[in-house]
């Protein structure tokens, strides 16, 4: 089969199957289901992931900043919702995505190798040979399940960033309200423009979730770029990556710059922690340890 015909076949298949990945609430119900259409008049459509942990809220009048919620659910849909598409289409879907499936054996090998290099990175005599940099996090405690309150978070990655509201209740699973936002290329040049954009989105996120702007909140900031961390809430930006520039941020304290703009925007939000993805994963899964 020619490449052109192959591309056309995949295109037709995707068009036929894509509606199975669209989501909307069931009428007169708090549950969520798949549907062949999306209600464009629904101004505050909420979607819950298959894991039941994360709620993704999309407002259709918010300047197109949010990702399609389909992206937030696509992985779990691929693995657990074969009943929503025909057996033939599901088989084809699995065949196309098979290069991205990882076997248990491969995962076990990766785990063993990663643990080995973690240990090497912690030892003065072997850390130079480790493929992993074991940097101080300044995190001294793991979650105890006794935490309580509403916590804000920002997660800035390569292409997008997330605003999150985490509602903590003692001895219960946290409720996480999350929005994913696209960062325009024009905001990837200067730190001031980037952080002003982020804080503007954060403020709108707080308003949409009916948070009292006169109340004080704490915020955790996940920053997935190279930093020299010198305290739990202090880190000097080292080098840009992932196509970002941010030359005016090099050598500056990331938290200090963002905090200044937060106060300029008259938000009562204090950044209490600067972390990366690895530390974020540790804290999120910390309750499972021990």
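In the numbering used here, the protein residues as written are 831 to 1120. Every residue, glycine too, gets a C-beta built ideally from N, C-alpha and C.
- request: Going by DSSP, name the residue or residues bridged to residue 1065.
  value: 1059
Close Cβ partners of residue 1089 (< 7 Å) along its chain, the five nearest in sequence each way excluded: 1101
- prompt: Would the region 923-931 and the region 1005-1025 be scored as touching if the rule is three or more Cβ pairs under 8 Å?
  reply: no
query: So what's residue 921 in DSSP terms, helix, strand or just coil?
result: helix
query: Helix or strand or just coil, what does DSSP make of residue 1022?
result: helix
message: What residue range does the beta strand (DSSP E) around residue 1102 cover?
response: 1099-1105
query: Roughly how many angstroms separate the alpha carbons of residue 1056 and residue 918, rounded to a whole number?
result: 45 Å
message: Measuring straight from C-alpha to C-alpha, what distance separates residue 968 and residue 1037?
response: 32 Å
- prompt: Any idea if residue 1015 is buried or exposed, counting beta-carbon neighbours within 10 angstroms, 16 or more meaning buried?
  reply: exposed
- prompt: According to DSSP, is residue 1042 helix, strand or coil?
  reply: coil
field: Span separating the alpha-carbon of residue 1061 from that of residue 1030
entry: 26 Å
message: Excluding the 5 residues flanking residue 1116 on each side, which residues of the same chain have their C-beta closer than 8 Å to its C-beta?
response: 972, 973
query: Taking the alpha carbon of residue 1042 as the point to measure from, which residue in 994, 1002, 954, 1097 has its own alpha carbon closest?
result: 1097
task: Leaving aside the five residues before and after residue 1085 along the sequence, list all residues of the same chain whose C-beta is less than 7 Å from its C-beta, in chain order.
output: 1051, 1063, 1064, 1065, 1101, 1104
field: Simplified DSSP assignment, three categories, for residue 1048
entry: strand
- prompt: Hey, how far is the Cα of residue 977 from the Cα of residue 947?
  reply: 33 Å
- prompt: Helix, strand or coil: which one does DSSP assign to residue 1116?
  reply: helix
- prompt: Measuring CB to CB, does residue 982 end up less than 8 Å from residue 1049?
  reply: yes
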